[in-house]
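All residue numbers for the sequence shown refer to the numbering used here, where the first residue is -2 and numbers rise by one.
Every residue, glycine too, gets a C-beta built ideally from N, C-alpha and C.
The structure presented is a predicted model; accordingly, all values stated were derived computationally and were not measured.
Notes follow the structure.
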Amino acid sequence: MNFIMAVDSQVFKDPVVTFGVLTDVQYADHDDQIAAYDPSKTRFYRGSLGQVDDAFNYWEKPGSKVKFVLQLGDIIDGLNRFNGGSYTSLRRTLSHFEKHSSIPTFHTVGNHELYNFNRKELATLFYESVIKIDIPQEIFSPFKPLKDNRPISSPVLYYKFSPVPELKCISLDCFDISVLGYDSQHPNYIEASKVLYSKHGHEIFDDWDCDGPLTGLDVRFQQMNGAVSREQLAWLDQELKESDDLGQKVIVFGHVSLHPESSDWSCLLWNYDEVMKIFHLHKCVIAYFSGHTHKSGYALDSHGISYIAFSGILEAPPDTSAFATVSYYQDRLEVHGHGIERSYNIPLQGLRDVANDDNDATIDTEVEPPPPTTVKVEV
-2 MNFIMAVDSQ VFKDPVVTFG VLTDVQYADH DDQIAAYDPS KTRFYRGSLG QVDDAFNYWE
58 KPGSKVKFVL QLGDIIDGLN RFNGGSYTSL RRTLSHFEKH SSIPTFHTVG NHELYNFNRK
118 ELATLFYESV IKIDIPQEIF SPFKPLKDNR PISSPVLYYK FSPVPELKCI SLDCFDISVL
178 GYDSQHPNYI EASKVLYSKH GHEIFDDWDC DGPLTGLDVR FQQMNGAVSR EQLAWLDQEL
238 KESDDLGQKV IVFGHVSLHP ESSDWSCLLW NYDEVMKIFH LHKCVIAYFS GHTHKSGYAL
298 DSHGISYIAF SGILEAPPDT SAFATVSYYQ DRLEVHGHGI ERSYNIPLQG LRDVANDDND
358 ATIDTEVEPP PPTTVKVEV
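Here it is as structure tokens:
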């Protein structure tokens, strides 16, 4: 039986669910410094936790309808590994989410977490954080609670939950195939290293983190990115089939961008095209959210799916902010950007019926497709 039934126009006036989004906190007990990839930007390492608190203070105002938060990865910075501060910084950062227990946060893995921890360590730390929060059982209905979604002994970092019956949220592990977070003898590390060797022509680990001889879309083949495994693709396909059958809509989120027009090409998933093909086999996906690129970006594909890259908290000046409040309606998706974040108003009705025609999604700020980049981007 489908969850989505016939409704009158009054229903469209109220959101099905409202939630918060933030990304690239990249906390470190480190002085501010100029961003290597853009001298016009400053990284406010210590100030990023205050930005997290400011976002939650907004979401917790009286009358707020925010039910949960998506944290899109890079919760701490790779600098922490150089001073032995990885665990302390992660616990300090997670505590700023945990203290706002009335609004549970769902995390996805970024490259900077994997600079600091192996995958099993990270899965355990996220698990321990989740069970500290009193999450209402119904937010997982009809699925298992997040803490039971994957065993604690498993390094698998992708999962799903359903905050309301009409919507499923799926977190992708964009570093499933990667040279980050694995022992060098792990099959996924070996597979990733072969990909990078084939593109760069050498086995120098640190030099895999720049585009070097790469051109065009090949600039995505860097150490700071990764791929979704065959196993995860099959799991995603099955989850989307289930949502098709239930009449649910789906929002997918992950750290790394998918659509080439939504971000710098150096910040794309290695096999972004394969993930998008899975999306296109189904009618339920309405949007994909990502971080990683540190700046706002938007693209709409021929199947009516929106791809939104969000600005990073790390580079938001102290007098502003970088987060979003998202409301999902049955006929549209409204993204209200705060501070340096952009806002979007995206109609959902009928987009898939006109997949080969011009789509009519509107955004409040014009987005230019990014040109190919040939400079090293450190994110």
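- When DSSP assignments are scanned along the stretch 32 to 69, the uninterrupted stretches of alpha helix (DSSP H) that are 4 or more residues long and fall wholly within it turn out to be 45 to 56.
- When DSSP assignments are scanned along the stretch 69 to 130, the uninterrupted stretches of beta strand (DSSP E) that are 3 or more residues long and fall wholly within it turn out to be 102 to 104.
- With fewer than 16 neighbouring CB atoms inside 10 Å of its own CB, histidine 199 falls in the exposed class.
- Here alanine 321 is bridged, per DSSP, to Val18, Gly334.
- Per DSSP, the beta-bridge partners of glutamine 30 are Arg40.
- Pairing tyrosine 295 with isoleucine 305 gives a Cβ-Cβ distance under 9 Å.
- Counting along the chain, leucine 164 sits inside the beta strand (DSSP E) bounded by residues 164 to 168.
- In the three-state DSSP reduction, tyrosine 285 falls in the strand class (E or B).
- Sequence-distant Cβ neighbours of glutamine 245 in its own chain, meaning closer than 7 Å and more than five residues away, are Phe0, Glu163, Leu164, Lys165, Cys281.
- Only exposed fits threonine 212, as fewer than 16 other CB atoms lie within 10 angstroms of its CB.
- The C-beta distance from leucine 154 to leucine 177 rounds to 12 Å, too long to fall under 8 Å, and the pair is not in contact.
- Cβ-Cβ distances below 7 Å link serine 86 to Tyr24, Ala25, Asp26, Ile73, Asn77 in the same chain, with the five nearest sequence neighbours on each side left out; the list follows chain order.
- By a beta-carbon distance limit of 8 Å, isoleucine 174 contacts asparagine 185. Their separation comes to about 5 Å.
- By the Cβ-count criterion, asparagine 222 is buried, with 16 or more other Cβ atoms from all chains shown falling within 10 Å of its own Cβ.
- Three or more Cβ pairs drawn from the stretch 8 to 21 and the stretch 316 to 333 lie within less than 8 Å of each other, which places the two stretches in contact.
- Leucine 91 and aspartate 208 have their C-alpha atoms spaced approximately 33 Å apart.
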